[in-house]
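Asks:
In this note's numbering, the protein residues as written are 407 to 567.
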């Protein structure tokens, strides 16, 4: 059996994903935004097998669009987040699956409970992160979340998944 050089070990990957989840849950948006690399891509597909450049996605953001999304949420004027959702995430089944160039590919299962006046919504899916060390710190070069219900009618998702 041959071993694969994974660059980042499982424990470090888990700690990064837990921190990212906590920052998103408490709307620590500037800290959450700082976790991204300059060339980052944030993707929540409708169809995980479709090219996001030619098919509709729930979210398909480059680094500039991530920053814009953060600024919109920080204004307090985003109607869909007044009052802000109360969120609680659980990150499980974390696996370091390999290395692609400078990135370590990490998969996990994410479950998010969103509580709003309209009720509670469960958002559940499989996340794939591409983690990269930049100036000694881990950053996200990419994050893709494939929701279990991505092919069904979904309520408005105006928070960071």
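Yeah, the Cβ is synthetic: ideal placement off N, Cα and C, and Gly gets one too.
Please state whether DSSP places residue 412 in a helix, a strand or coil.
Replies: With a pLDDT of only 47 at residue 412, under the threshold of 50, the placement of this residue in the model should not be trusted; the figure read from the coordinates follows. Coil.
Asks: Can you have a look at residue 419 and say buried or exposed, based on whether 16 or more other CB atoms are within 10 angstroms of its CB?
Replies: By the neighbour-count rule (16 or more Cβ atoms within 10 Å), residue 419 is buried.
Asks: Let me know the secondary structure DSSP gives residue 547 once reduced to three states.
Replies: Looking at residue 547 - three-state DSSP - the assignment turns out to be strand.
Asks: Given that a residue counts as buried once 16 or more other Cβ atoms are within 10 Å of its Cβ, and exposed if not, what is residue 426?
Replies: Buried, because 16 or more other Cβ atoms sit within 10 Å of the Cβ of residue 426.
Asks: How should residue 411 be labelled, buried or exposed, when 16 other C-beta atoms within 10 angstroms of its C-beta is the threshold for buried?
Replies: Reliability fails at residue 411, whose pLDDT of 46 lies under 50, so the model's placement of it is uncertain and no value is given.
Asks: May I ask you to verify whether the segment 451–463 touches the segment 490–500, counting CB pairs closer than 8 Å and requiring at least 3?
Replies: No, they do not touch.
Asks: May I ask you to report which of helix, strand or coil DSSP gives residue 469?
Replies: Of the three classes helix, strand and coil, the one that applies to residue 469 here is helix, per DSSP.
Asks: Can you tell me whether residue 441 is helix, strand or coil according to DSSP?
Replies: In this structure, residue 441 counts as coil in the three-state DSSP scheme.
Asks: Residue 478: beta carbon under 7 Å from a heavy atom of the ligand PLP?
Replies: As presented, the structure is devoid of all ligands, the ligand PLP included, so that no description of it is given.
Asks: Check residue 417 in the structure and name its three-state DSSP category.
Replies: In the structure shown, residue 417 sits in a helix (DSSP, three-state: H, G or I).
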